[in-house]
Ligand SMILES: [Fe+2]
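Protein chains in written order, with our numbering: chain A, 15 to 518; chain G, 60 to 222.
Dropping the structure here:
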């Protein structure tokens, strides 16, 4: 920590000194202290899901406090729904709106921000029509145009992949969308092979240390299939396979181990008749069928064919963390699982109306163990709510000791208010709670040195009191010390989803 | 995103048996003129099926096919006539069989990769339209009713239908 800034100054600037002093110890104390702050107003809550203030944005971040590590250089690319209203029509779910790609550029001495709404074919058609026209993840416009191919409604709003010389905005129901690193303008959809044009490509690709990129796709209409992609370090498709799975619903994430891809399929499945019956959103075409249980499919990385299957109790999750396997073939993997999908169906719609009651079951950190003989179990290691998990990317597919996630629950506020480090064996072992008026987004691990966990944790937040977006940098091994640096933008941004750090 | 192809395949089969369907059911039958519009090329054939409503079968299903015509494709519009159509409600389904294999080509996702369309330009949300949306009425002794079938092509991965 050569550039250790004055943490005290950071905290003073944020007006959270007492909070953080408490956070040095245990999470619960920190959360209690933070809750002493005044509750958020409805207008403040709405800011988190308001449309971005302009189609393109650019500004330097002003240092709130602390100092930037001079050796932290590169770009944090981010994506998320950022046009929550168009032509007077407000989307009904966090995941609906058109994507905005963002670049936070770290020079070692300063951070600057650029952002642009991606002008997808979907958005261009709606612009030409002067109205909302196409279905979104969970919301249909009053008069909905038909869909001939998934990319007709591709909002490119979920994550960013930098790989093989390309920058891509990811959705999950259709293709990756290339965009320009300078102008941030949308380019063409990526077709990995001519006959795969328009095929779903998930927003959670995994890039291994050798540069190989893995991904899945989840086809839910008209056929039900899981797709597996292996892309070489130059960005060329090296292997592909498609596996019919029926019934099937959204499979948002998965893990890679040394020899396998592991897909965990929740019993929240598409009812194809609902699509056939008439206009219905993708989310609403799903039904919760807990009797199906959670199905696990283990796919061989060499052949891309399924080699093992497991059945586990029902649950719903979007995200994993990492997976790894022992010499005997036992697979361990992280997941952020809730009892059912109600948080996705209900709570993430309610937030669009400023309702932060979050009555539904929250995702928690859990660990899944899959033994080669067919035995399998899900263990709850930590009691904390957890989502938006990230690992040290150098440990992708290898045994990891640290999972970074948004954790913590607080009544009447944003439930993911704490940045935490989870030890898969011991639960939450480090963390820092954001004050109630600062809403953290996904924090990404940026490696330094060679040892696992040596690095920074970097992530944006939204300051609901100042109506401004900001960014934090943490020393990843000392989260409880509070941020090394925090900076603020002169404008707010709606809460985003995922990103990736590309070192300079 | 997709269209059920069974009926169109059925239509193709029927078309190999009779180039022009003769559907006379009575003295008041009329000829129905169909304009297949928006064909992108003269490659292959156009295959056109005339359907009547089936209470207990999905549209466009084989069961409802009462006539089928195949013609060489032409850029732009191809005009065909279903002769001696009895009065009643009908819907037309057509596709541009550009590769001439008799099938509506699909990619592995199940999305058609050849152009297709329905009478009245009817389109479904994620699949074929309803019979009612595509329906055209042939009246008794009507001179020459006509209907348009605009053909839409999905540029897989691109924008598509409807507009
Ligand atoms: Fe995600």
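C-beta atoms are modelled at their ideal positions from N, C-alpha and C, and glycine is treated no differently.
- Rounded to the nearest angstrom, the gap between the Cα atoms of residue 167/A and residue 464/A is 42 Å.
- Judged by DSSP in its simplified three-state form, residue 181/A adopts strand.
- Counted as a single uninterrupted DSSP element, the alpha helix (DSSP H) harbouring residue 57/A occupies residues 56-61.
- Here the region 338-358 of chain A makes contact with the region 294-314 of chain A; the two share three or more CB pairs at distances below 8 Å.
- Between the C-alpha atoms of residue 499/A and residue 131/A there is a straight-line separation of about 28 Å.
- In the DSSP assignment, residue 142/A falls within the unbroken alpha helix (DSSP H) covering 135-143.
- Closest option to residue 254/A, judged by alpha-carbon separation, among 237/A, 151/A, 233/A, 229/A: 229/A.
- About 7 Å separates the CB atoms of residue 404/A and residue 457/A; that is less than 8 Å, so the two are in contact.
- Listed in chain order, the positions of the region 197-209 of chain A with a beta carbon within less than 8 Å of a beta carbon of chain G are 203, 205, 209.
- Rounded to whole angstroms, the separation of the alpha carbons of residue 310/A and residue 318/A is 15 Å.
- Put simply, the CB of residue 182/G is near chain A, with a gap under 8 Å to one of its CB atoms.
- CA-CA distance, residue 234/A to residue 166/G, rounds to 14 Å.
- For the region 158-188 of chain G, the beta-carbon criterion of a distance under 7 Å to any beta-carbon of chain A is satisfied by 166, 167, 168, 169, 170, 182, 183, 184, 185, 186.
- Burial state of residue 101/A is exposed, judged by a 10 Å Cβ sphere holding fewer than 16 other Cβ atoms.
- The Cβ atoms of residue 109/A and residue 63/A do not sit closer than 8 Å to each other.
- Counting the other Cβ atoms within 10 Å of the Cβ of residue 72/A gives fewer than 16, which makes it exposed.
- In the structure shown, the three-state DSSP call for residue 366/A is helix.
- Counting along the chain, no alpha helix (DSSP H) covers residue 184/G, and no H or E run does either.
- Contact of residue 237/A with chain G by beta-carbon distance below 7 Å involves 168, 169.
- When the alpha-carbon of residue 208/A is set against those of 485/A, 251/A, 293/A, 60/A, the nearest one is in 251/A.
- Not a single CB atom of chain G sits nearer than 8 Å to the CB of residue 151/A.
- The bridge partners DSSP lists for residue 95/A are 113/A.
- For residue 289/A, the uninterrupted alpha helix (DSSP H) segment begins and ends at 286-291.
- Excluding the 5 residues flanking it on each side, residue 205/G has same chain C-beta neighbours closer than 6 Å at 92, in chain order.
- Judged by pairs of C-beta atoms under 8 Å, the region 194-205 of chain A does not touch the region 376-386 of chain A, as fewer than three such pairs exist.
- Around residue 269/A, the same chain offers 276, 334, 336, 337, 347 as residues with beta carbons nearer than 7 Å, after the five sequence neighbours per side are excluded.
- Rounded to whole angstroms, the separation of the alpha carbons of residue 133/G and residue 265/A is 44 Å.
- Ligand 1 never approaches residue 215/A closely enough for any of its heavy atoms to be under 7 Å from the residue's Cβ.
- Interface annotation, residue 320/A: not in contact with chain G, CB-CB separation never under 8 Å.
- Of 506/A, 459/A, 502/A, 490/A, the smallest CA-CA separation from residue 88/A is found for 459/A.
- In the DSSP assignment, residue 94/G is bridged to 138/G, 207/G.
- DSSP places residue 166/G outside both helix and strand once states are collapsed to three, so it counts as coil.
- Relative to ligand 1, the nearest heavy atom lies less than 7 Å away from the CB of residue 511/A.
- Taking 8 Å as the CB threshold, residue 89/A stays off the interface with chain G.
- Distances taken from the Cβ of residue 332/A to the heavy atoms of ligand 1 include one shorter than 7 Å.
- Taking the Cβ atoms as the reference, residue 95/G lies roughly 7 Å from residue 136/G, within the contact range of under 8 Å.
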